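First the structure, in the form of structure tokens, and then the observations on it.
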Amino acid sequence: MIPVLSREQIRAFDADAIARKVPSLVLMENAGRNACDVLEREMLGGAAHGKRVIVLCGTGNNGGDGFVIARHLRLRGASVVVQLAGARDKLSADAKTNADAWVGLGGAIAPLDVKFENADLIVDALFGTGLDRAIEGDVRAAIEATHSHERVFAVDIPSGLDAQTGAIHGVAIHAAHTVTFAHLKLGLMTPNGAACSGRLHVVDIGVPASLATEFAAELLEPSDVRAFIAPRAVDAHKYRAGHVGVLAGSPGKTGAALLVGRGALRAGAGAVTVATWHDALPSLQSRVLEVMTASLDALEKPLIEVAASFARAKRAIVAGPGFGTDERAATAIRALLVGYDGNVVLDADALTLYAGRAAELATVRAKLILTPHAGEASRLLGITADEVDADRFTAARALAAKSQAVVVLKGAHTLIVAPDGRTVVNPTANAALATAGSGDVLAGIIGANACNMHPFEAACAGVYLHGAAADLWSGGTRHRGLLASEIADLIPTILGQLDR
79 MIPVLSREQI RAFDADAIAR KVPSLVLMEN AGRNACDVLE REMLGGAAHG
129 KRVIVLCGTG NNGGDGFVIA RHLRLRGASV VVQLAGARDK LSADAKTNAD
179 AWVGLGGAIA PLDVKFENAD LIVDALFGTG LDRAIEGDVR AAIEATHSHE
229 RVFAVDIPSG LDAQTGAIHG VAIHAAHTVT FAHLKLGLMT PNGAACSGRL
279 HVVDIGVPAS LATEFAAELL EPSDVRAFIA PRAVDAHKYR AGHVGVLAGS
329 PGKTGAALLV GRGALRAGAG AVTVATWHDA LPSLQSRVLE VMTASLDALE
379 KPLIEVAASF ARAKRAIVAG PGFGTDERAA TAIRALLVGY DGNVVLDADA
429 LTLYAGRAAE LATVRAKLIL TPHAGEASRL LGITADEVDA DRFTAARALA
479 AKSQAVVVLK GAHTLIVAPD GRTVVNPTAN AALATAGSGD VLAGIIGANA
529 CNMHPFEAAC AGVYLHGAAA DLWSGGTRHR GLLASEIADL IPTILGQLDR
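Have a look at this one:
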């Protein structure tokens with residue numbers, strides 16, 4: 079896994095490098111030069127010569143990086159204009175040194191100007207990871223003016239994006255590419271980070287990345303997922319592969335149950351049985367082939383006994399999609415959680431049943447994986463969805479601690495958080511997943527994994543596979559029209575790619 083650092087951790091990383099006698103000016107030079115290499119390759123067709131570039135610099139060290147980039151672009155034949163947000167006497171020491179070098183070599187420094195029409199490229203070096211206040215005035219106007227320009231390159235982090243939380247400080251740069259230095263930052267691994275950063279690149283600053291001994295989160299890699307998935311034995315049979323029980327579906331919502339089952343089977347479950355309400359069963363049974371079905375309320379037994387009995391022989395359970403939130407649904411979910419000691423994926427309606435009562439989940443026998451989106455997480459925590467999105471890392475950790483469950487907080491850069499606070503960020507997925515039933519398939523995939531994996535590993539692998547299927551379908555060009563069932567059907571291909 080790849081470390082992801084908080085604001086304080088990246089400051090400590092830089093300070094440690096300087097304490098080891100690596101001058102801060104050397105770090106800035108390396109950062110700017112390496113950023114220029116990416117910029118030239120990705121946005122100037124491999125040749126800066128003759129291109130017109132505007133570099134927007136702030137007065138802090140991010141602006142210093144911008145002056146280094148400007149100098150290297152000019153050395154490579156580009157026509158460069160530097161615009162400074164602020165007075166030269168406000169420049170940080172290292173930024174001033176590089177500004178003086180820029181001027182000494184014949185460069186000019188102009189004030190901010192919102193006229194960018196003739197530029198082939200705009201470089202954003204206004205604010206770095208230290209920004210924690212709203213952007214106003216001329217700087218805000220300049221950032222807003224960049225929004226009509228398609229070719230914007232951000233240095234370290236798009237200006238206006240909070241490096242810690244991913245919040246937008248009034249306005250933010252929308253970059254086509256972002257180069258970040260030494261390590262990924264938390265704010266980049268959020269929905270706002272994904273929207274503002276474009277394609278993300280990490281470059282070194284001339285010191286080993288391993289100097290960072292503490293990190294706030296980790297980014298999944300394919301090798302991690304490969305390690306979670308054990309090879310299937312040659313003498314395996316369907317129940318050894320894993321029997322997933324599904325409590326899902328209700329009249330008008332049987333499709334949710336079917337998608338859970340399809341996701342589970344495509345991800346490697348040997349068998350799936352869906353238990354649903356008697357009034358939903360005819361619709362469900364008319365559409366199933368590989369999935370088995372059971373009724374929760376047709377027998378002359380108390381619902382609590384039926385639900386507990388259904389769960390007993392299952393390797394893992396998925397509960398909630400399309401299940402309803404009435405008293406009978408609450409009774410069945412409660413019976414499952416107190417009577418079953420295996421892995422349970424709680425999704426959708428099952429999460430709504432515990433709105434404002436997340437702490438109760440810490441008392442059940444089952445080992446839980448919760449899969450909320452921001453709205454469901456907000457209801458569990460008793461806060462607003464906006465508060466969740468304002469700091470997704472803190473919200474997900476709070477929910478995991480309160481429920482003592484593994485939490486999968488869905489969204490652009492889905493987070494997987496363990497009860498002890500360990501946090502993993504998923505690198506796969508795209509906007510094509512904004513389709514009905516996508517979450518049901520994810521719950522099924524995680525349920526299949528939970529037959530043979532620790533809950534945290536099952537969640538990590540499931541989220542990665544789900545997103546990778548969408549990426550494969552998209553091919554980087556399509557972001558509309560994906561069906562949830564198609565996500566499930568691509569999982570064996572992704573598993574095959576991991577095996578190779």
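In the working numbering, the protein residues as written are 79 to 578.
For each residue, glycine too, the CB sits at the ideal point set by N, CA and C.
Source: prediction; values computed, not measured.
- Ala-245 and Met-106 have their alpha carbons spaced roughly 26 Å apart.
- Here Gly-141 has Cys-135, Ala-173 and Ala-203 as same chain residues with Cβ atoms under 6 Å from its own Cβ, once five neighbours each way along the sequence are excluded.
- Comparing alpha-carbon positions, the option among Leu-374, Asp-313 and Gly-341 lying closest to Ser-328 turns out to be Leu-374.
- In the DSSP secondary-structure assignment, Asn-421 is bridged to Ala-394 and Lys-445.
- The Cβ neighbour count for Ser-237, taken over all protein chains shown within 10 Å, is at least 16; the residue is labelled buried.
- Shown here for Arg-556: same chain residues with a beta carbon closer than 8 Å to its own, the five before and five after excluded, namely Ala-510 in chain order.
- Contact between Ile-395 and Val-369 is ruled out by a C-beta separation of about 14 Å, above the 8 Å threshold.
- At a cut-off of 4 residues, the continuous stretches assigned as alpha helix (DSSP H) that sit fully inside the region 196-255 are 215-224.
- A straight-line Cα-Cα distance of about 8 Å links Ile-88 and His-261.
- Straight through space, the alpha carbons of Thr-506 and Arg-229 are spaced by roughly 24 Å.
- Around the beta carbon of Arg-457, a 10 Å sphere encloses 16 or more other beta carbons of the protein chains shown; the residue is thus reported as buried.
- When C-alpha distances from Val-249 are compared across Ala-223, Arg-119 and Leu-325, the shortest belongs to Ala-223.
- DSSP, reduced to helix, strand and coil, places Glu-368 outside both helices and strands of the structure shown, so it counts as coil.
- When rounded, the separation of the alpha-carbon atoms in Ala-433 and Ala-385 is 21 Å.
- Classified as exposed, Val-312 has fewer than 16 neighbouring CB atoms from the shown chains inside 10 Å of its CB.
- For Thr-513, the CB contacts under 7 Å within the same chain, skipping 5 residues up- and downstream, are Leu-560, Leu-561 and Ala-562 in chain order.
- Ala-125 counts as exposed, since fewer than 16 other beta carbons sit within 10 angstroms of its beta carbon.
- In the structure shown, His-491 adopts coil according to DSSP, grouped into three states.
- A straight-line Cα-Cα distance of about 19 Å links Asn-139 and Gly-182.
- It is roughly 9 Å from the alpha-carbon of Asp-498 to the alpha-carbon of Val-484.
- Around the beta carbon of Thr-256, a 10 Å sphere encloses 16 or more other beta carbons of the protein chains shown; the residue is thus reported as buried.
- Counting of Cβ neighbours within 10 angstroms places Asp-357 among the exposed residues, the total staying below 16.
- Closest option to Arg-393, judged by alpha-carbon separation, among Thr-351, Ala-408 and Arg-412: Thr-351.
- When Leu-576, Asp-549 and Glu-564 are compared, the shortest CA-CA separation from Ala-539 is found for Leu-576.
- 8 Å or more divides the Cβ of Ala-349 from the Cβ of Lys-379.
- If you ignore the 5 residues before and after His-127, its C-beta comes within less than 6 Å of the C-beta of Gly-155, all in its own chain and listed in chain order.
- Straight through space, the alpha carbons of Arg-340 and Ala-526 are spaced by roughly 10 Å.
- Asn-270 and Arg-578 have their C-alpha atoms some 34 Å from each other.
- Apart from sequence neighbours up to five positions away, the residues of its chain that approach Tyr-418 with a beta-carbon distance below 6 Å are Ala-389 and Ala-444, ordered along the chain.
- By the neighbour-count criterion, in which 16 or more other beta carbons inside 10 Å mark a residue as buried, Val-192 falls on the exposed side.
- Judged by their CB atoms, Leu-431 and Thr-403 are nearer to each other than the 8 Å cut-off.
- Ranked by Cα distance from Pro-189, the first of Ala-171, Ala-179, Val-159 and Ala-253 is Val-159.
- Under the three-pair Cβ rule at 8 Å, the region 96-113 counts as touching the region 143-151.
- Between Leu-487 and Arg-500, the CB-CB gap reaches or exceeds 8 Å.
- Only buried fits Glu-118, as 16 or more other CB atoms lie within 10 angstroms of its CB.
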